[in-house]
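Structure record follows, encoded as structure tokens.
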Amino acid sequence: MIDIKQWRNRLEQQKGQKIQIESSIRDTRHSARQLKLSLRRHEQARELIRAVAMETQQQLQYHISDITSLALEAVFDDPYELVAEFVQRRNKTECDLYFVRDDNRIDPLGASGGGTVDVAAFALRVASWTMSRPRPRAVIILDEPLRFLSQNLQERASQMIKELSSRLGLQFIVVTHETTLANQADKVFETRIIKGVTQINKEIDYRRL
């Protein structure tokens, strides 16, 4: 038979185990509350980041579309509108660019000839520069920026580039064979490649030719 002392010892052991279990339950509940609070804070932070990201994307969409569409309007009689759309792919945010005319969506690399892409690409360079923080040096180098633009539109595009340069205080260094574009420049230099090295021969005043 188990005497009273043994029963008492066993009872004390079970009481101790009960106290440990109750303490463990309290700790677990406290940890669960802390985890829920942390999760709630993370969800709130994620929603805040998402809201800021959406606001930023909307501002970028407007800025990119506005500058580029204005440039297209300055050159073409029936211009496309460039639309920037941010989409999620493979857990990454990507930006789709496409033209719109008469509610029809058009791939810029597909059904848009006549130098439309040239003008849009130029305007995108300018938009990117205006959005950079800190802003880089006020110089953009362009290599034959209007190579596919129709000859009858070269003068409009050249005037548009000159106007942007004046308004933004932005200098364009342009490499081109187009006389119309050169006529709008403040300074024109003739260059030649001699033995694989580009050399500046002389400054030319096209307006006197």
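In the working numbering, the protein residues as written are 406 to 614. Where a beta carbon is used, it is the ideal one built from N, C-alpha and C, also for glycine.
Does the beta-carbon of residue i have 16 or more other beta-carbons within 10 angstroms, so that it is buried, or is it exposed?
| i | result |
| --- | --- |
| Tyr485 | buried |
| Thr596 | exposed |
| Thr521 | buried |
| Ile545 | buried |
| Gln425 | exposed |
| Ala489 | buried |
| Thr584 | exposed |
In three-state DSSP terms, what is residue i?
| i | result |
| --- | --- |
| Glu549 | coil |
| Tyr503 | strand |
| Arg597 | strand |
| Leu514 | coil |
| Lys497 | strand |
| Ala489 | strand |
| Ser571 | helix |
In terms of residues, what are the limits of the alpha helix (DSSP H) holding residue i?
| i | result |
| --- | --- |
| Phe527 | 521-536 |
| Glu427 | 409-480 |
What span of residues does the beta strand (DSSP E) with residue i cover, start to end?
| i | result |
| --- | --- |
| Asn588 | Where Asn588 is concerned, there is no enclosing beta strand (DSSP E), although the alpha helix (DSSP H) it sits in stretches over 584-588. |
| Gln556 | First-last for Gln556: undefined, no H or E at that position. |
| Lys592 | It is not in any beta strand (DSSP E) - Lys592 carries neither H nor E in the DSSP assignment. |
| Thr603 | 602-609 |
Is the region 439-459 close to the region 537-556, with three or more CB pairs under 8 Å? The region 439-459, when compared against the region 537-556, does not touch it at the 8 Å Cβ threshold.
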